[in-house]
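Here's the structure we're looking at; comments come further down.
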Amino acid sequence: ERFKKDYKLFLGDIKKTVLAKLKVLSENPYHPSLRTKKIKGKEDIFETSINMSIRITWNYHEGKIFLRAIGEHDKTIKNP
Numbered sequence: 076e077r078f079k080k081d082y083k084l085f086l087g088d089i090k091k092t093v094l095a096k097l098k099v100l101s102e103n104p105y106h107p108s109l110r111t112k113k114i115k116g117k118e119d120i121f122e123t124s125i126n127m128s129i130r131i132t133w134n135y136h137e138g139k140i141f142l143r144a145i146g147e148h149d150k151t152i153k154n155p
């Protein structure tokens, strides 16, 4: 829910980039272009880079990727 709400705030070019990164994420969550890493202090929550300032947070749930949030790096990582 939060991811969908946050995603709607972005404009066209960023949305295209997000969709491309989500495709890569669905195929290989640890692809080097995503710079995926576990968020320190948060159990089983990961961050993935969209660009240098925007991050997606996600976790696994029943073997699937659950998108949690998207937004500016510091704000998104602080409240994943």
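Residues 76 to 155 (this note's numbering) are what the sequence shown spells out, left to right.
Idealized CB from N, CA, C, for every residue including glycine.
So the beta strand (DSSP E) H136 belongs to, where does it begin and stop?
I129 to H136
First through last residue of the beta strand (DSSP E) which encompasses K98:
Segment G87 to E102 is the alpha helix (DSSP H) holding K98; no beta strand (DSSP E) there.
Identify, in the order they occur along the chain, each residue of the same chain with its Cβ nearer than 8 Å to the Cβ of F141, setting aside the five sequence neighbours on each side.
W133, N134 and Y135
Do I125 and V93 come within 8 Å of each other at the CB atom, strictly closer than that value?
yes
Of the choices D81, P155, K150 and T151, whose alpha-carbon is the least far from that of D119?
P155
In the structure shown, what three-state DSSP assignment does L84 receive?
coil
Give the DSSP bridge partners of S124, in chain order.
R130
Give me, in chain order, the residues of the same chain whose beta-carbon lies closer than 6 Å to that of G186; leave out the 5 immediate sequence neighbours on both sides.
The structure shown does not extend to residue 186, since the chain is modelled only from 76 to 155, so the question has no answer here.
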